[in-house]
Every structure is written in structure tokens, then in C-alpha cells.
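In our numbering, the protein residues as written are 29 to 291.
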């Protein structure tokens with residue numbers, strides 16, 4: 029895919045992307061699944077799927093910085109786990125981003141509907157996944173946990189939607205801690221995954237910088253407002269709505285796949 033592809037730079041387009049970034053970041057803050065909105069939106073503007081995924085990842089991570097620093101008081105408890113999980117997280121995220129960068133457009137186009145469906149299923153069954161992981165808490169060895177984290181980070185570097193739930197569910201299998209401590213680890217390691225992937229995406233030229241900046245600025249504002257207003261939002265209803273939207277998007281992308289004769 030040529031690197032000179034650019035999204036239209038008119039103010040209306042950038043304003044829409046600003047709003048999309050803000051809403052996606054707010055959704056991530058309150059319920060999760062914001063990429064199910066922002067990624068298809070970029071596709072809707074005609075951005076090729078690989079560039080859309082890279083731009084989406086690069087635009088959303090700044091909005092999570094505030095959340096990460098909000099959990100910094102819990103790092104004294106979770107710090108030793110972070111040190112253990114940081115190497116597999118970095119390696120996995122870099123490998124996932126590398127795979128995406130070197131994927132042919134056709135192969136990623138083929139994967140997109142399946143990835144969106146997977147993320148939507150995880151969001152829809154979030155409560156059951158968490159309940160299952162709690163029932164099986166600390167049944168996995170720390171070494172196996174490191175391997176699990178590597179693959180979660182690899183997925184996060186490659187696509188990312190739903191990786192927060194993957195991490196939170198897997199942590200309960202091998203780490204003893206409160207939900208707040210585990211959530212703090214999820215936020216900080218998620219920041220590492222997105223940052224490492226973003227660096228590679230920027231170096232490779234896969235990020236549409238103007239679109240990314242518009243979405244990132246919206247994401248910072250959206251994340252802040254969501255944190256302030258989150259208690260007034262029914263996160264469960266929002267989660268269900270985003271999951272339904274995700275299922276609709278997966279159907280749409282499966283249809284595109286059939287129309288393009290890739291399946």
C-alpha cells in the first residue's frame with residue numbers, strides 16, 4: 029500500500045475524527061470496546077485496513093495516559109509483577125506490530141471481520157469471562173502467566189480491541205491481588221503495548237498523522253470527560269450497545285470479504 033495515502037484534510041472531516049476519537053476514548057474509559065467504533069470509522073473514510081488499524085492504535089493511547097497515572101498509587105503493590113511482565117509485554121507487542129506492518133492488505137482484510145467478531149464476543153460475554161477467571165484464580169503458574177501475557181501483547185500489537193479484558197481475565201489466573209491492583213496493571217501494561225506498537229507504526233509510515241492527531245486530541249478530552257461523568261452512565265447498557273454495534277460491523281466486514289472474493 030502506498031505511503032502517500034492521506035485522509036481528506038478538510039475541517040469537517042477532521043472535526044468528525046476529533047469527535048470519533050473522543051467518543052472512542054470515552055467508551056474505553058467507561059465500558060471498553062472503543063476501537064469497535066474508531067477503527068470502522070477510519071475504514072468508512074476510505075483508509076486501507078492496515079493504515080486504519082495503525083492510525084487507530086496511535087491515536088487512542090494518549091487518552092489512556094491519564095488513566096495510567098490515576099493508578100500510580102497502586103504501583104507499589106503491583107510493581108514487582110509489572111517488572112516480571114514487562115519483557116514479554118514489550119516483545120509480544122513489538123512482534124504483533126511487526127506482523128501487522130508486514131501483512132499484505134489482503135491478508136489483514138481477511139482477518140478484520142474475525143478480529144472484530146472476537147472483540148465483540150469478548151465484550152458481550154465480559155461478565156462471564158471475568159466470573160470464569162475468578163473461579164479459576166491462581167490455578168496457573170507464574171511462568172505460564174508470562175507466556176499468556178506474551179500472546180495477549182502480540183494480539184494487542186496486531187489489533188488490540190479487547191486486549192484489556194484479556195489481560196484482566198488472565199491476571200486473575202496467576203496473580204493474587206484486588207481488582208483495583210489488577211486493573212492498574214492492565215492499564216499500565218496496555219499503555220506499554222500501545223506505545224511500543226505506535227512507535228513501530230510511526231517508523232513504518234503506516235500512521236496518517238493528521239487524522240491521528242485529530243483523534244488523539246479528541247481522545248484526551250473524551251477520556252477526561254468520561255472519567256468525570258462515568259458515574260452517570262450505565263456502563264452495562266453501553267457495553268451491550270457497543271457489542272451489538274461490533275456484531276453489526278463484523279457482519280458488514282464479512283459481507284465486504286465475500287464481495288471482494290477473498291472468502
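Cβ coordinates follow ideal geometry from the N, Cα and C atoms, glycine included.
Keep in mind the model is a prediction, meaning the values are calculated, not measured.
Pick from the options that is closest to residue i, judged by C-alpha positions
i           : options               : result
residue 66  : 75, 58, 52 and 57     : 52
residue 192 : 144, 181 and 248      : 181
residue 288 : 225, 135 and 144      : 135
residue 81  : 236, 276 and 274      : 236
residue 261 : 58, 42, 127 and 225   : 58
residue 157 : 240, 178, 272 and 199 : 199
residue 119 : 179, 108 and 263      : 179
residue 278 : 123, 189, 211 and 165 : 189
residue 163 : 213, 202 and 42       : 202
residue 84  : 266, 234 and 249      : 234
residue 55  : 284, 275 and 265      : 265
residue 122 : 38, 205, 184 and 50   : 184
residue 74  : 41, 208 and 108       : 41
residue 101 : 38, 273, 212 and 285  : 212
residue 210 : 49, 108 and 39        : 108
residue 146 : 274, 285, 207 and 286 : 274
residue 286 : 206, 141 and 148      : 141
residue 148 : 79, 131, 130 and 62   : 62
residue 130 : 49, 263 and 79        : 79
residue 161 : 272, 143, 50 and 207  : 207
Residue i vs residue j beta-carbon contact at 9 Å
i           : j           : result
residue 270 : residue 88  : no
residue 242 : residue 45  : yes
residue 296 : residue 251 : For residue 296 there is no data in the structure shown, the boundaries of the chain being 29 and 291.
residue 6   : residue 152 : Past the boundaries of the shown model lies residue 6; the chain is included only from 29 to 291, so the question cannot be answered.
residue 281 : residue 68  : yes
residue 110 : residue 174 : no
residue 228 : residue 187 : no
residue 92  : residue 222 : yes
residue 296 : residue 60  : This structure does not reach residue 296, given that the chain is present from 29 up to 291, and the question cannot be answered.
residue 224 : residue 125 : yes
residue 248 : residue 90  : yes
residue 226 : residue 177 : no
residue 70  : residue 276 : no
residue 165 : residue 204 : yes
residue 86  : residue 244 : yes
Where the alpha helix (DSSP H) through residue i begins and ends
i           : result
residue 262 : Taken as a continuous stretch (DSSP letters only), residue 262 belongs to no alpha helix (DSSP H), as it is neither H nor E.
residue 156 : 154-163
residue 190 : It is not in any alpha helix (DSSP H) - residue 190 carries neither H nor E in the DSSP assignment.
residue 42  : 39-58
residue 68  : 63-72
residue 91  : Note, residue 91: premise wrong, no alpha helix (DSSP H); not H, not E.
residue 222 : 207-232
Any 3 or more C-beta pairs closer than 8 Å across the stretch 209-220 and the stretch 164-173: no
Assess contact between the stretch 118-136 and the stretch 193-207, defined as three or more Cβ pairs (one per stretch) separated by less than 8 Å. Is contact present? no
For the stretch 96-138, which segments carrying the alpha helix (DSSP H) assignment without a break, of at least 4 residues, lie completely within its bounds, in sequence order? 103-129
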